[in-house]
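Enquirer: Below are the C-alpha cells for one structure; questions will follow.
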Amino acid sequence: MPKIVTLPGDGIGPEVTAAAVQVLREVAPDLTFEEHAIGGAAYDAHGDPFPQRTRDALRDVDAVLLGTVGGAQNSPWNSLARPMRPESGLLALRKALGCYANLRPVRVQPGLEHLSPLKPELARGVDILIVRELLGGVYFDGDRKLDGDTAYNTMRYTTPEVERVAKMAFWAAEQRKGRVTSVDKANVLEVSELWRRDVQALRDREYRSIHLNHEYVDSVAMLIVSDPSRYDVIVTENLFGDILSDLAAVIPGSLGLMPSASLGDGAGLFEPIHGSAPDIAGKGVANPAAAIMSAAMLLRHGLGRSDAANQIERAVALALREEPTRDLGGKADTKTFTHAVMEAIGTPVG
35 MPKIVTLPGD
45 GIGPEVTAAA
55 VQVLREVAPD
65 LTFEEHAIGG
75 AAYDAHGDPF
85 PQRTRDALRD
95 VDAVLLGTVG
105 GAQNSPWNSL
115 ARPMRPESGL
125 LALRKALGCY
135 ANLRPVRVQP
145 GLEHLSPLKP
155 ELARGVDILI
165 VRELLGGVYF
175 DGDRKLDGDT
185 AYNTMRYTTP
195 EVERVAKMAF
205 WAAEQRKGRV
215 TSVDKANVLE
225 VSELWRRDVQ
235 ALRDREYRSI
245 HLNHEYVDSV
255 AMLIVSDPSR
265 YDVIVTENLF
275 GDILSDLAAV
285 IPGSLGLMPS
295 ASLGDGAGLF
305 EPIHGSAPDI
315 AGKGVANPAA
325 AIMSAAMLLR
335 HGLGRSDAAN
345 QIERAVALAL
355 REEPTRDLGG
365 KADTKTFTHA
375 VMEAIGTPVG
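Structure representation (C-alpha cells):
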C-alpha cells in the first residue's frame with residue numbers, strides 16, 4: 035500500500051492538511067498515512083525545524099503532503115538563527131527529497147472569474163503552469179555573507195541543473211498546449227545567458243514539437259497580469275520563479291485556490307502555496323481548497339492516479355460554486371467546504 039507522510043506544520047496547516055487527508059481517504063482508501071513535524075511546530079517540539087525523526091520517515095515513502103510552515107512577522111521563530119527558522123526546515127525538506135522542479139498551476143475556475151482582481155475578460159480561461167527551479171540559484175548557493183555594512187549572495191547554475199528543470203517544463207507542455215516561455219534576465223546576467231542557451235539547446239535537440247520563446251523577467255511580471263492568456267507553461271530559475279508564481283497567484287482571486295507539486299528523482303512534495311495565516315489558525319475558517327487540490331496533484335504526479343485526481347478537482351470546482359469559503363465571498367468554513375467536496379465526489383458526472 036502506498037505510504038504518504040503528512041507534515042501539517044504551522045498555523046492553519048493542520049486544519050487544511052486534515053481536510054486533504056479526509057478527501058484522499060475517500061478516493062484512495064488503500065493509502066496509508068504517517069504524520070510528522072516540520073517548521074516552527076517541529077522546533078518547539080524537538081528543537082529543530084526539520085528533525086531527524088522526520089528525515090528518517092522520508093526514506094521509505096511514496097509522497098509527502100505538507101501543510102504550511104512559518105508564523106507571524108513578529109513570531110519568536112524569526113529571532114532564531116537562520117538555520118533554526120521554520121523556513122529553513124522547508125528548504126532542507128526540499129533538498130532531502132531532491133525536489134528540483136516546483137509546478138504551480140494558475141487556473142481561473144469557470145464561473146469564478148468575478149473573484150479575480152483582473153477584469154473578467156482577462157481572467158476568463160487563464161490556465162498557466164509555472165515550473166520553477168527549486169534547488170539551485172541564489173537561495174542555495176553557499177557563497178554568501180553578511181558582514182557589517184556589506185553583504186552578498188551568489189546566483190549560480192550549471193547546465194545539468196538547467197536541463198533537468200527544462201525537461202520537466204517541456205514534458206508538461208507536451209500534455210498541454212505545447213508552448214513554453216523561458217524567463218531570464220539574459221541582457222544583464224551571465225547566469226541567465228547560460229540558462230537561455232541551455233534551454234534553447236535542449237528544445238532544439240529533444241523537443242522540436244514545442245514552441246519555445248524567451249522573455250525577460252520584468253516583461254513577464256507586467257504581461258502575466260495584463261495579458262495572462264498568452265502563457266501556457268512558464269519555466270524559470272528559483273528567485274524569478276518565487277516572485278512570478280506569487281504574483282500570478284492573485285489572478286484566481288485567492289491564495290486558498292493555489293496548489294503545488296515539487297518533483298524530482300524521488301518522492302514528490304505536495305503543498306498549498308498559501309502561508310500559515312496565524313491570525314485565523316484554530317478558528318476552523320481556513321479555505322482548504324488549495325490543500326485538497328494539492329492532494330489531487332499528489333495522486334496524479336506522485337502515484338500516477340489521474341482518474342482519482344480528476345475526481346477530486348471536479349468535486350472542488352463544484353464545491354467552490356455551491357459552498358464558497360469566506361475568502362471567496364461565501365460563508366463556508368473549513369468543515370463545511372470539505373463536506374461539500376466529499377458530497378461532490380459521489381455526484382455522477384453530467
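Counting along the sequence shown from 1, when you hit position 346 you're at 380 in this note's numbering, and nothing is skipped either side.
Glycine included, every Cβ here is placed at the ideal spot set by N, Cα and C.
Note that the coordinates shown come from a computational prediction; the quantities given were computed from them, not determined experimentally.
1. Between the Cα of Arg32 and those of Ser216, Val259, Asn247 and Gln143, spot the shortest distance and give me the residue it belongs to.
2. What residue range does the beta strand (DSSP E) around Lys37 cover?
3. What residue from Arg237, Glu377 and Ser216 has the CA that sits closest to Val254's CA?
4. Touching or not, the segment 101–115 and the segment 148–164, by the rule of three or more beta carbon pairs under 8 Å?
5. Taking the alpha carbon of Phe371 as the point to measure from, which residue in Asp341, Val269 and Ala324 has its own alpha carbon closest?
6. Bridge partners of Ala311, per DSSP?
7. Below 7 Å CB to CB, which residues in the same chain sit around Arg87 once its five sequence neighbours on both sides are set aside?
8. Exposed or buried, what is Gln345 when buried is set at 16 or more other beta-carbons lying within 10 Å of its beta-carbon?
9. Considering only the alpha carbon of each residue, which of Ile285, Leu58 and Phe274 lies closest to Asp261?
10. Can you tell me whether Asp82 is buried or exposed? The criterion is at least 16 other CB atoms within 10 Å of its CB, across all chains shown.
11. Please name the residue in Met35, Glu357, Leu100 and Ser328 whose C-alpha comes closest to that of Ala343.
12. Who does Glu249 pair with in a DSSP beta bridge?
13. Quick check on DSSP: helix, strand or coil for Asn321?
14. Does Ile46 come out as helix, strand or coil in the three-state DSSP assignment?
15. Can you give me the Cβ contacts of Arg230 inside the same chain, cut-off strictly under 6 Å, excluding the 5 residues immediately before and after it?
16. Please classify Gly384 as buried or exposed, where buried requires at least 16 neighbouring CB atoms within 10 angstroms.
17. Rounded to whole angstroms, what's the CA-CA distance from Val61 to Ile38? Just pull it up for me.
18. Leaving aside the five residues before and after Gly123 along the sequence, list all residues of the same chain whose C-beta is less than 7 Å from its C-beta, in chain order.
19. Compute the beta-carbon to beta-carbon distance between Gly45 and Gly298, rounded to the nearest angstrom, for a pair I have assumed lies under 8 Å.
20. Check whether the segment 270–283 and the segment 172–190 are in contact - that is, three or more C-beta pairs closer than 8 Å.
Expert: On the basis of the supplied data:
1. This structure cannot settle anything about residue 32, because the visible part of the chain is limited to 35 through 384.
2. Lys37 to Gly43
3. Ser216
4. no
5. Ala324
6. Beta-bridge pairing links Ala311 to no other residue.
7. His70
8. buried
9. Ile285
10. buried
11. Ser328
12. Val217
13. coil
14. coil
15. Asp218, Ala220 and His248
16. Summary for Gly384: the model assigns pLDDT 48, below 50, so the residue's position carries little reliability, and this model does not support an answer.
17. 14 Å
18. Ile72, Gly73, Ala76, Pro83, Phe84 and Val103
19. About 26 Å separates the two Cβ atoms, so there is no contact after all.
20. yes
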